[in-house]
Amino acid sequence: MTTTTTPSRPPTVAPGRAVGRRRTRGAPGSAARRRAAVAGYAFALPGFAVYALIMLYPAVQALLISLRDYAITPGAPSPWVGLENYARALEDPVLLRSFVNAGFYMVATVPAQVVIGLLLAVLLDAKLPGRTLFRVLFYLPVVTSWVVVSLLFQYLFATDRGVVNWLLVDVTGLFDGDVAWLGERWPALVAISVLGIWKGVGWSMIIFLAALTGVPRELHEAAALDGAGAMRRFRYVSLPFIRGTLSTVLILLVIGSFNVFISVLLMTGGGPLDQTQVPLTYMYRQAFTFLDFGYGSAISFLLTLVVLALAALQYGITRRKASEVDG
Amino acid sequence: MRSSRAAWGAGVAVLALGLSACGGEADGSGSGGEPIAEAGAGELSGTVTFWHAYSADSPEVRTLEDSIIPAFEEEHPDVTVESVPVPYDDLHQKLVTAVAGDALPDLVRSDIIWVPELADLGVLVPLDEEMPDFQEYADQMYEGPLETNLWQGSYYGLPLDTNTRVLMYNQEALDAAGVDGPPETFADMREMASAFADDGRYLFADNGTSGWNVLPWIWSAGGDITDADVTTATGHLDSPESVAGVELLVDLYEQGAIPDLMLGAEGGTQTSDGLPAGEYATILDGPWMFPIFESQYPDFDLMTAPVPAGDGGSVSVVGGESIVLTQASENKAAAAEFLRFLLSEDVQLELAAVGQMPVLSSLAEQLPEVQPYYAPFVEQVENARPRPPTPAWPRVEEVLSREVQLALRGEKTAEQALGDAATEIDGLLAQYAG
Numbered sequence: 001m002t003t004t005t006t007p008s009r010p011p012t013v014a015p016g017r018a019v020g021r022r023r024t025r026g027a028p029g030s031a032a033r034r035r036a037a038v039a040g041y042a043f044a045l046p047g048f049a050v051y052a053l054i055m056l057y058p059a060v061q062a063l064l065i066s067l068r069d070y071a072i073t074p075g076a077p078s079p080w081v082g083l084e085n086y087a088r089a090l091e092d093p094v095l096l097r098s099f100v101n102a103g104f105y106m107v108a109t110v111p112a113q114v115v116i117g118l119l120l121a122v123l124l125d126a127k128l129p130g131r132t133l134f135r136v137l138f139y140l141p142v143v144t145s146w147v148v149v150s151l152l153f154q155y156l157f158a159t160d161r162g163v164v165n166w167l168l169v170d171v172t173g174l175f176d177g178d179v180a181w182l183g184e185r186w187p188a189l190v191a192i193s194v195l196g197i198w199k200g201v202g203w204s205m206i207i208f209l210a211a212l213t214g215v216p217r218e219l220h221e222a223a224a225l226d227g228a229g230a231m232r233r234f235r236y237v238s239l240p241f242i243r244g245t246l247s248t249v250l251i252l253l254v255i256g257s258f259n260v261f262i263s264v265l266l267m268t269g270g271g272p273l274d275q276t277q278v279p280l281t282y283m284y285r286q287a288f289t290f291l292d293f294g295y296g297s298a299i300s301f302l303l304t305l306v307v308l309a310l311a312a313l314q315y316g317i318t319r320r321k322a323s324e325v326d327g
Numbered sequence: 328m329r330s331s332r333a334a335w336g337a338g339v340a341v342l343a344l345g346l347s348a349c350g351g352e353a354d355g356s357g358s359g360g361e362p363i364a365e366a367g368a369g370e371l372s373g374t375v376t377f378w379h380a381y382s383a384d385s386p387e388v389r390t391l392e393d394s395i396i397p398a399f400e401e402e403h404p405d406v407t408v409e410s411v412p413v414p415y416d417d418l419h420q421k422l423v424t425a426v427a428g429d430a431l432p433d434l435v436r437s438d439i440i441w442v443p444e445l446a447d448l449g450v451l452v453p454l455d456e457e458m459p460d461f462q463e464y465a466d467q468m469y470e471g472p473l474e475t476n477l478w479q480g481s482y483y484g485l486p487l488d489t490n491t492r493v494l495m496y497n498q499e500a501l502d503a504a505g506v507d508g509p510p511e512t513f514a515d516m517r518e519m520a521s522a523f524a525d526d527g528r529y530l531f532a533d534n535g536t537s538g539w540n541v542l543p544w545i546w547s548a549g550g551d552i553t554d555a556d557v558t559t560a561t562g563h564l565d566s567p568e569s570v571a572g573v574e575l576l577v578d579l580y581e582q583g584a585i586p587d588l589m590l591g592a593e594g595g596t597q598t599s600d601g602l603p604a605g606e607y608a609t610i611l612d613g614p615w616m617f618p619i620f621e622s623q624y625p626d627f628d629l630m631t632a633p634v635p636a637g638d639g640g641s642v643s644v645v646g647g648e649s650i651v652l653t654q655a656s657e658n659k660a661a662a663a664e665f666l667r668f669l670l671s672e673d674v675q676l677e678l679a680a681v682g683q684m685p686v687l688s689s690l691a692e693q694l695p696e697v698q699p700y701y702a703p704f705v706e707q708v709e710n711a712r713p714r715p716p717t718p719a720w721p722r723v724e725e726v727l728s729r730e731v732q733l734a735l736r737g738e739k740t741a742e743q744a745l746g747d748a749a750t751e752i753d754g755l756l757a758q759y760a761g
């Protein structure tokens, strides 16, 4: 679904216009263009075949399951129920809450990951002693298993004798009594979001770093000669260069935040009383605990629709902004 | 990568949902060919795959793999038993996936609460119909555990081990609160509660409100969850007796004699740590806790007593595992022979030595000699009931758990909560009626 590691489009100055000119010039040689197109499809085919096999086919099957009262035993009848599973989903208060929770997670984690990631990238782009060490340290959580860090955070946020409560109550005295971090909806979502931010900043940092290394040094030097300070150089030299990267990172992070799963499953299990369910934990519960694969599939399709809509919206906004700047 | 890892969950789930559709047209019944032979009859050969959740942390897995299986293979040199340990928390999902993928093993040691569900899916062999000497084994079993294998008139498994919960207490914690001994009745609980109000120690602790947690209180109060045929909850779960059982918990919680842990949230001190630490004076738990306390809190003097009695007496909940034979097994004769072997007195005693309480009633008197700590459990299991056998159990339990939590949180009275639960459970049970 979202496997991009680095932005595929190198940021160039006003790419739209350059490409447009080249296209008009190449128009007469349509045979050459067709050959290029065939070659392009040929190169894309293996990747598409793998995608079709492991993503598209199961997705279509899941869509079919979502329209049935699905029996998991092979050979058992699974009657068609049309949109019944979807109708049930739209009236399910827990599912609605799970989307609100995922929305909270998105609002809490995406801006923080972008801002902190960008800040770290800018700092570690400068020539600091031991910057490779810092890059590795900040990236380490990204490659650590979700299961391990989720269990770790569960201990940190334990109500009795947890490190976080110890810091807040016993050391700093900011709170009067222990907070039941994982026992109430919003504190639990805060704890889960803290984990998401901590684990995610390394990823956005590394992508911003890659983009920042593409900013020509001469531009920075020229701006410095003109008397621009660090802030202004970042604002007027670096930022325009990494704008494409920024929007890619934003889109991927938003998609990722709605797909939050392992940390919630392990830290709260969606409980207590389904207060901390997110769409995927709720879908997992319906399918694997209650064997209601029809309903589970319907939930995953609704999630896909929401994520698609959000991504399209973001894409539209960034496209419009880009054309405003270019035009 | 961060996002791709987050998307992993969706990908895997979609994949699993998709794969579940391509199991083919395997006929759901009797694919294994020959009928199950009499015990010891004929030459047996082949491989028997056995999924179980024996604990690798305690000596259970070692006993199975280093002693029991080699002994069986010595008796049947052409048979290989392949032991597949699965962590308990993963076993249900693994079974579900295997059902969908038509990839079940020959034998499964299933939690007793999953047997009706698996039977309803049509993947288990009805042993009373296909195993010639079924009755001979059934007659040796405790009745409570045996009945958990009954689904729509057939027995789909035989009990393999049983257990129940008794009251475990920390005498030092009781002393510190100025209480002489453990609570014997509901009235004792109410009386002692004030001694524990708001001082960081609790009279009783439990880690949730599932059937395993709250049914002992409902039953001991004289209440019930459904009728005997498991067709309706109204008139049982919402009876004044059932309400009294839950009200005891609600009142103790409100007085601060039960910790938040009972709300089912993560993050509190677990009962296995709180009891030896003196934070919790009493808990309900099973015989497997003895080896655990012994290794983690060697100085702790664990004491036991029966479940506190209400108007219905002292009634606990039956746990344990059954052994089931799958329709998918291609070697039912050898699998059935290993099943018989696991239920032999020698093997049952061997497993008893590592904390697995035997299911053969004939062994009851020997048990305290094997492990002294079995004595209170042998006594309590006589007054213990199984959770109602129904494929709807996971959903029924979710409703029960949620409504009792709402009562504990004070969002509903116990009466309202159980009334709502009964109505909802009626609907769930109706789906499996007739």
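These protein sequence lines are chains E and H, in that order.
Position 226 (the first sequence) corresponds to 226 in the numbering used here; numbering is contiguous.
Position 395 (the second sequence) corresponds to 722 in the numbering used here; numbering is contiguous.
Using N, Cα and C, we set each Cβ at its ideal position, and we do this for glycine too.
* **alanine 247 of chain E, DSSP secondary structure in three states** => Taking the first residue of the first sequence as position 1, residue 247 of chain E is located at position 247. Inspection of the sequence shows that residue 247 of chain E is occupied by serine rather than by alanine. Here serine 247 of chain E carries a helix assignment [DSSP, helix/strand/coil].
* Asked: Helix, strand or coil for glycine 355 of chain H per DSSP?
  -> For the purposes of this step, residue 355 of chain H is taken as residue 28 along the second sequence, with counting starting at 1. Its pLDDT being 38, under 50, glycine 355 of chain H is placed unreliably in this model, and the value from its coordinates should be taken loosely. Here glycine 355 of chain H carries a coil assignment [DSSP, helix/strand/coil].
* Asked: Where in the stretch 66 to 134 of chain E do unbroken runs of the alpha helix (DSSP H), each at least 4 residues long, occur, reported from the N-terminal end onward?
  -> Taking only runs of at least 4 residues, the alpha helix (DSSP H) segments lying wholly in the stretch 66 to 134 of chain E are 84 to 90 and 93 to 125.
* Looking at C-alpha atoms only, which residue of H:Arg714, H:Glu499, H:Glu672 and H:Gln743 is the closest neighbour of aspartate 626 of chain H? -> Locating residue 626 of chain H in the second sequence gives position 299, counting from the first residue. Of the candidates H:Arg714, H:Glu499, H:Glu672 and H:Gln743, the one whose C-alpha sits nearest the C-alpha of aspartate 626 of chain H is H:Glu499.
* To do: Could you confirm whether any beta carbon from chain H is found closer than 8 Å to the beta carbon of aspartate 160 of chain E?
  => The residue you call residue 160 of chain E lines up with position 160 of the first sequence. Closer than 8 Å: yes.
* Reduced DSSP secondary structure (H/G/I, E/B, other) of leucine 564 of chain H -> Here the question's residue 564 of chain H lines up with position 237 in the second sequence. Coil.
* To do: Jot down the residue ranges of each uninterrupted beta strand (DSSP E) in the stretch 517 to 562 of chain H, minimum 3 residues, whole runs only, in chain order.
  => If you keep only unbroken beta strand (DSSP E) runs of at least 3 residues inside the stretch 517 to 562 of chain H, you get 529 to 532.
* Which chain H residues are close to phenylalanine 290 of chain E, counting only those with a beta carbon under 7 Å from its beta carbon? -> As a working note, residue 290 of chain E is residue 290 in the first sequence. Taking the beta carbon of phenylalanine 290 of chain E as reference, the chain H residues within 7 Å of it are Pro721 and Arg722, listed in sequence order.
* To the nearest angstrom, how far is it from the Cα of proline 386 of chain H to the Cα of valine 681 of chain H? -> Translated into the one-based positions of the second sequence, residue 386 of chain H becomes position 59. Translated into the one-based positions of the second sequence, residue 681 of chain H becomes position 354. Between proline 386 of chain H and valine 681 of chain H, the C-alpha separation is close to 6 Å.
* **Straight-line gap, leucine 576 of chain H to leucine 371 of chain H (C-alpha atoms, nearest Å)** => For the purposes of this step, residue 576 of chain H is taken as the residue at position 249 of the second sequence. For the purposes of this step, residue 371 of chain H is taken as the residue at position 44 of the second sequence. About 54 Å.
* Tell me the start and end of each unbroken alpha helix (DSSP H) in the stretch 184 to 260 of chain E that is at least 4 residues and wholly inside, in chain order. => Whole alpha helix (DSSP H) segments, 4+ residues: 185 to 212, 217 to 225, 230 to 233 and 239 to 258.
* **8 Å Cβ cutoff, alanine 311 of chain E in contact with chain H** => Numbered from 1 along the first sequence, position 311 holds the residue referred to as residue 311 of chain E. False, the Cβ-Cβ gap to chain H never drops below 8 Å.
* Asked: By DSSP, does tyrosine 762 of chain H sit in helix, in strand, or in coil?
  -> Past the edges of chain H, shown from 328 to 761, lies residue 762 of chain H, and the structure says nothing about it.
* Cβ-based neighbour list, arginine 722 of chain H, same chain, cut-off 8 Å, excluding 5 preceding and 5 following -> To locate residue 722 of chain H, count along the second sequence from 1; it is residue 395. Leu755.
* Are the stretch 409 to 425 of chain H and the stretch 701 to 717 of chain H touching by the rule of at least three beta carbon pairs closer than 8 Å? -> Contact between the stretch 409 to 425 of chain H and the stretch 701 to 717 of chain H is absent: fewer than 3 CB-CB pairs across the two stretches fall below 8 Å.
* Among H:Val452, H:Leu422 and H:Phe513, the one whose alpha carbon lies nearest that of serine 641 of chain H -> Sequence index remark: in the second sequence, residue 641 of chain H carries index 314 (1-based). Comparing Cα-Cα distances from serine 641 of chain H to each of H:Val452, H:Leu422 and H:Phe513, the minimum goes to H:Phe513.
* Using 8 Å as the Cβ pair cut-off and three pairs as the minimum, do the stretch 483 to 500 of chain H and the stretch 435 to 446 of chain H touch? -> Because the criterion of three Cβ pairs below 8 Å is met, the stretch 483 to 500 of chain H and the stretch 435 to 446 of chain H touch.
* Between alanine 522 of chain H and tyrosine 496 of chain H, what straight-line distance do the alpha-carbon atoms span, to the nearest angstrom? -> Working through the second sequence from its first residue, we reach residue 522 of chain H at position 195. Working through the second sequence from its first residue, we reach residue 496 of chain H at position 169. So the alpha carbons of these two residues sit roughly 16 Å apart.
* **the stretch 189 to 202 of chain E in contact with the stretch 282 to 291 of chain E per 3-pair CB rule at 8 Å** => Flag = no, the stretch 189 to 202 of chain E and the stretch 282 to 291 of chain E do not touch.
* **Any C-beta of chain E under 8 Å from that of leucine 755 of chain H** => Your numbering for residue 755 of chain H matches position 428 in the second sequence. With 8 Å as the cut-off, leucine 755 of chain H does not count as an interface residue toward chain E.
* Where tryptophan 378 of chain H sits in the DSSP three-state scheme -> Mapped onto the second sequence, residue 378 of chain H falls at position 51. DSSP, read as helix, strand or coil, puts tryptophan 378 of chain H in strand.
* **CA-to-CA distance, isoleucine 585 of chain H to alanine 604 of chain H, given in whole angstroms** => Within the second sequence, numbered from 1, the residue matching residue 604 of chain H stands at position 277. Within the second sequence, numbered from 1, the residue matching residue 585 of chain H stands at position 258. The C-alpha of isoleucine 585 of chain H is placed about 16 Å away from the C-alpha of alanine 604 of chain H.
* Looking only at its own chain, which residues have a Cβ that is under 6 Å from the Cβ of leucine 694 of chain H, when we skip the five neighbours before and after it? -> For the purposes of this step, residue 694 of chain H is identified with residue 367 of the second sequence, where counting begins at 1. Contacts found: Tyr701 and Val705.
* **Opening and closing residue of the beta strand (DSSP E) in which glutamine 150 of chain E lies** => The sequence position of residue 150 of chain E within the first sequence is 150, counting from 1. Per the sequence shown, the amino acid found at residue 150 of chain E is serine instead of glutamine. No beta strand (DSSP E) contains serine 150 of chain E, which is instead part of the alpha helix (DSSP H) from 146 to 156.
* Asked: Would glycine 173 of chain E be called buried (16 or more neighbouring beta carbons within 10 Å of its own) or exposed?
  -> On the first sequence, position 173 is the one that residue 173 of chain E refers to. Glycine 173 of chain E counts as exposed, since fewer than 16 other beta carbons sit within 10 angstroms of its beta carbon.
* Check each candidate in E:Val278, E:Leu273 and E:Pro272 and name the one with the smallest Cα separation from isoleucine 262 of chain E. => The sequence position of residue 262 of chain E within the first sequence is 262, counting from 1. It is E:Val278.
* Scan the stretch 580 to 665 of chain H and note each continuous alpha helix (DSSP H) run of 4 residues or more that stays entirely inside, going in chain order. => Given a length threshold of 4 residues, each whole run of the alpha helix (DSSP H) inside the stretch 580 to 665 of chain H is given here in chain order: 598 to 604 and 616 to 623.
* To do: Please report how far the alpha carbon of phenylalanine 301 of chain E lies from the alpha carbon of alanine 126 of chain E, in whole angstroms.
  => For the purposes of this step, residue 301 of chain E is identified with residue 301 of the first sequence, where counting begins at 1. For the purposes of this step, residue 126 of chain E is identified with residue 126 of the first sequence, where counting begins at 1. Between phenylalanine 301 of chain E and alanine 126 of chain E, the alpha-carbon positions lie close to 44 Å from each other.
* Just the Cα atoms here: how many angstroms apart are serine 204 of chain E and leucine 666 of chain H? -> Taking the first residue of the first sequence as 1, we reach residue 204 of chain E at position 204. Taking the first residue of the second sequence as 1, we reach residue 666 of chain H at position 339. CA-to-CA, the gap between serine 204 of chain E and leucine 666 of chain H works out to about 55 Å.
* Close beta carbons around alanine 413 of chain E, own chain, < 6 Å, minus the five adjacent residues each side -> Here chain E has residues from 1 to 327 only, and residue 413 of chain E is not among them.
* For glycine 373 of chain H, does the three-state DSSP call read helix, strand or coil? -> Walking along the second sequence from the start, residue 373 of chain H turns up at place 46. Here glycine 373 of chain H sits in strand by DSSP.
* Closest Cβ-Cβ distance between glutamine 528 of chain H and chain E: below 8 Å? -> Taking the second sequence and counting its residues from 1, one reaches residue 528 of chain H at position 201. This sequence places arginine at residue 528 of chain H; glutamine is not what is there. Contact of arginine 528 of chain H with chain E is not assigned, every C-beta pair being separated by 8 Å or more.
* **Under 8 Å between C-beta atoms of alanine 632 of chain H and leucine 494 of chain H** => Walking along the second sequence from the start, residue 632 of chain H turns up at place 305. Walking along the second sequence from the start, residue 494 of chain H turns up at place 167. Between alanine 632 of chain H and leucine 494 of chain H, the C-beta gap is smaller than 8 Å, which places the two residues in contact.
* In angstroms with no decimal places, state the Cα-to-Cα distance between leucine 266 of chain E and aspartate 274 of chain E. => Here the question's residue 266 of chain E lines up with position 266 in the first sequence. Here the question's residue 274 of chain E lines up with position 274 in the first sequence. Computed Cα separation, rounded: 14 Å.
* **Reduced DSSP category for leucine 273 of chain E - H, G, I as helix; E, B as strand; rest coil** => Stepping through the first sequence from its first residue, residue 273 of chain E is reached at position 273. The three-state reading of DSSP puts leucine 273 of chain E in coil, since its state is none of H, G, I, E or B.
* Ordered along the chain, which non-local residues of its own chain (more than five positions away) have a Cβ less than 7 Å from that of glycine 26 of chain E? -> Here residue 26 of chain E corresponds to residue number 26 of the first sequence, with the count starting at 1. Low local confidence applies: a pLDDT of 47 at glycine 26 of chain E is under 50, so the model's placement there is unreliable, with the coordinate-based value given in what follows. Excluding positions up to five away in sequence, the list reads Arg33.
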